[in-house]
Each structure stands twice: as structure tokens, then as C-alpha cells.
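S.K.: Quick one: the structure is below, and I'll ask about it shortly.
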Amino acid sequence: MAKKIDIIDGRAALDAVRAAQATDGKPARTDLATAVRYLLQLLDEKAPGNSVEVRVPPFGAVQVIQGPRHTRGTPPNVVEMDAATWIAVATGQEAWDDVATAGRIHASGTRADLSDVLPLRP
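At position 45 of the sequence shown the residue is numbered 42 (the numbering used here), and the sequence of numbers has no breaks.
Listed below in C-alpha cells is the structure:
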């Protein structure tokens, strides 16, 4: 991730996304992008490493969790989900196991379970 998102900007974007969701509205793309990237940044700070790649297309991806370093090609441990799902599990609105069971998370690899590091505390 290139530029670090300030905590005030990250929380403001999360608040804007939550407000839009509460009224069944669509959040502004810039708010959604900032919220997703901010939560990925927090995950990276909480669980640094290179063994699992967490992808939230088209907004961002981060490699986290201690373990074998991945250097080329598709990593052996990949977690991918949409922005709304990422925000829900990262903030504790929904449980990892529930969302994974519902098929809203695509996870592969032996380390692709993030339930030990989620939710985050934004």
C-alpha cells in the first residue's frame, strides 16, 4: 500500500459508508475506497507478514500473517471478497465464519482463515 491513510480520514470514510448503508444508499466510491484501504492498512499493522494475500478488488490488496514469504505468481494463501463484505467482517458487523459459510469470501490455502485477526478496531 502506497500512502498511509490518516486515522481521521479512515474513520470519516467508514462513517460515510455506514451512513449510506443504513439508508440503503450507495456509498460514494471515494469513501468506499478509502474505508477499504484503511481497514487493509489496519490489518497489515495488526498481523504483519507475507504468507496471506487479502484482496478487495478493485480497491486494494495486502500481504499479511507471519509465515513463508511469497515472491512470484499467485500466492498459496489468498483471501478475496467484495468491499461490503470486507468492511462487515473487518469491523465486526458480521462474523468471519458466517460470511465464509455463506460463500461471500473466496479463500484458498491453509492459512487463509482470518478469524483469529478479525475484527479490527478502527
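Think of the CB as a built atom: it goes at the ideal place given N, C-alpha and C, for glycine as much as any other residue.
A quick note: this is a predicted structure, and the numbers were derived from the prediction, not measured.
In angstroms, rounded to a whole number, what distance separates the CA positions of residue 28 and residue 106?
M.R.: 31 Å
S.K.: To which residues does DSSP link residue 105 through a beta bridge?
M.R.: 75
S.K.: Can you tell me which residues form a DSSP beta bridge with residue 89?
M.R.: Answer is none; residue 89 lacks a bridge partner.
S.K.: Does the separation of the CB atoms of residue 26 and residue 57 fall below 8 Å?
M.R.: no
S.K.: For residue 19, count neighbouring C-beta atoms within 10 Å of its own C-beta (all shown protein chains included) and say buried if the count is 16 or more, exposed if not.
M.R.: exposed
S.K.: Assign residue 5 to one of two classes, buried (16 or more other C-beta atoms within 10 Å of its C-beta) or exposed (fewer than that).
M.R.: exposed
S.K.: Note down the Cα distance separating residue 14 from residue 31, rounded to an integer number of angstroms.
M.R.: Across the structure, residue 14 and residue 31 are spaced so that their CA atoms are roughly 10 Å apart.
S.K.: How many angstroms separate the CA atom of residue 85 from the CA atom of residue 93?
M.R.: Taking the straight line from one Cα to the other gives about 9 Å.
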